[in-house]
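Residue numbers (the working numbering): 58 to 505.
So this is what it looks like as structure tokens:
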């Protein structure tokens, strides 16, 4: 009982953004500790302690018939401590850090520690230099960020990253402020974390952000020069008054480095694959792969904020590729039913390994090409009580994820919340096969 009360007492500080106009409602909350004026303490800190209970309801699927291959954990508890630190040093140098520690208990107890950000910034007149691990925010999408060339991939079912899971990249960034405009150059590499010299990544990103106040237009052009894959991107935001805002972004790449199940290739539908299930099978294609999002944010007169976004990616599976993917699943089920394959991968046979590989892909990424995101949020009681509802729809097969959340500020720095998620779709759709039917999160968030 004590643990449940702590769960319920913790989650309320994960509040939905209040209705502060279309632009304010659309933007993700700023993670980094703010720059302190000279008269403020040189060391600033903010801590969040989050305790959350998660209840899951499993669902059978093509990939996990009757839940016999993968048993979803029915209940777990996660205790998370998030630290946001900032220090102002001499000579105009500041240091920002975000650290997250988590203890997750359920069938097993797992402890993690993540350095999400740790970087130093120096102001040099109109120039600003940042070096270290940093979460860049170069895009204007709420749920999707295809033009985030150096950004972590955002989750549309949790676009505000309430559990603080996103991590930055090692980067050296130089910004030149030219009135209302900003020119940026950023170099990023995984040389400090990748021991394999042949697979190391070296990337130089250039960005020009231009504000046109008379048109209410914010326009940014980006280019990524990489030893992996060069990319170009364009983003825009256009405000129509205080309540309505239209935004969009597009990115294009020659070929793609994305990994795909090799079962989508012609002739692989009646083939079983072991640990070579994934491959960069489109890496040598010379066609242009586009990813784009178009969205709108509107705040109603009584304060309800509405956001809608449509996202497309040429890197997703086409209808034919999805059909092949499922045909290979059907073949794996046939072979498993025959029982002629001995276990050789732990307790799994080769057909069962194929099925779990497919299930893992469904839970890891958006596999199709077209998605629609909708969100409505509202605050009451001077923003002490807040709620939001969102839907993520796979337009290609109409499967969907529905999420509802309500939070209440019990007292200053203490919020409780409840969040529910529902996955639904046909028996051969994406979200109808994720192996999970629903989940409920109850939590308490303390901020100090």
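Virtual Cβ for every residue (Gly too), placed ideally from N, Cα, C.
Here the structure is a predicted model, which is why all the values come from computation and not from measurement.
Contact between the region 429 to 437 and the region 391 to 408 is not established, with fewer than three Cβ pairs separated by less than 8 Å.
Per the coordinates, the alpha-carbon of residue 235 lies some 39 Å from the alpha-carbon of residue 138. Ranked by Cα distance from residue 199, the options 493, 387, 365, 307 are led by 365. If you check the CB distance, residue 463 and residue 214 do not come in under 8 Å. Sequence-distant Cβ neighbours of residue 184 in its own chain, meaning closer than 6 Å and more than five residues away, are 233.
About 6 Å separates the beta carbon of residue 488 from that of residue 451, a gap short enough to meet the 8 Å contact definition. Put simply, the backbone Cα of residue 359 is about 32 Å away from that of residue 237. With 16 or more other Cβ atoms from the protein chains shown falling within 10 Å of its own Cβ, residue 318 counts as buried.
Taken through DSSP and simplified to helix, strand or coil, residue 222 comes out as coil. Nearest C-alpha to residue 331 among 414, 496, 255, 145: 414.
Unbroken beta strand (DSSP E) runs of no fewer than 3 residues, entirely contained in the region 335 to 420, are found at 345 to 356, 362 to 370, following chain order.
Residues 206, 207, 243, 281 of the same chain have their beta carbon placed closer than 6 Å to that of residue 262, with the five preceding and five following residues left out of the count.
When DSSP reads this structure, residue 185 sits in a beta bridge with 180, 232. If you draw a straight line from the Cα of residue 103 to the Cα of residue 219, it comes to about 15 Å. Between the region 374 to 393 and the region 297 to 312, the count of Cβ pairs shorter than 8 Å is below three; the stretches do not touch.
With a cutoff of 8 Å on beta-carbon distance, residue 268 and residue 293 are scored as not near each other.
Between residue 171 and residue 135, the gap from beta carbon to beta carbon reaches 8 Å or more.
DSSP, reduced to helix, strand and coil, places residue 144 within a strand of the structure shown. Residue pairing by DSSP places residue 437 opposite 442 in a beta bridge. Bridge pairing for residue 131: absent [DSSP].
Between the region 337 to 354 and the region 414 to 427 there are fewer than three inter-stretch CB-CB distances shorter than 8 Å, so the stretches are not counted as touching.
Measuring C-alpha to C-alpha distances from residue 99 to each of 131, 157, 144 identifies 144 as the nearest. Burial check for residue 230: the Cβ neighbour count within 10 Å reaches 16 or more, so the residue is buried. By the Cβ rule, the region 351 to 358 does not count as touching the region 325 to 340, because fewer than three pairs are nearer than 8 Å. The C-beta of residue 439 has fewer than 16 other C-beta atoms within 10 Å across all chains shown, which makes the residue exposed. The alpha helix (DSSP H) runs of length 4 or more contained entirely in the region 293 to 333 do not exist; there are none. Between residue 114 and residue 426, the C-beta spacing is not below 8 Å. Counting along the chain, the unbroken beta strand (DSSP E) around residue 113 starts and ends at 100 to 115. In the structure shown, residue 124 falls within a helical segment according to DSSP collapsed to helix, strand and coil. Rounded to whole angstroms, the separation of the alpha carbons of residue 164 and residue 412 is 23 Å. Judged by their CB atoms, residue 120 and residue 285 are not nearer to each other than the 8 Å cut-off. Residue state for residue 271 is assigned as helix, using DSSP reduced to three classes. Residue 210: not part of any beta strand (DSSP E); DSSP gives it neither H nor E. With a contact defined as Cβ atoms closer than 8 Å, residue 203 and residue 348 qualify at about 4 Å. At a Cβ-Cβ threshold of 8 Å, residue 173 and residue 156 count as neighbours. C-alpha of residue 131 to C-alpha of residue 112: approximately 6 Å in a straight line.
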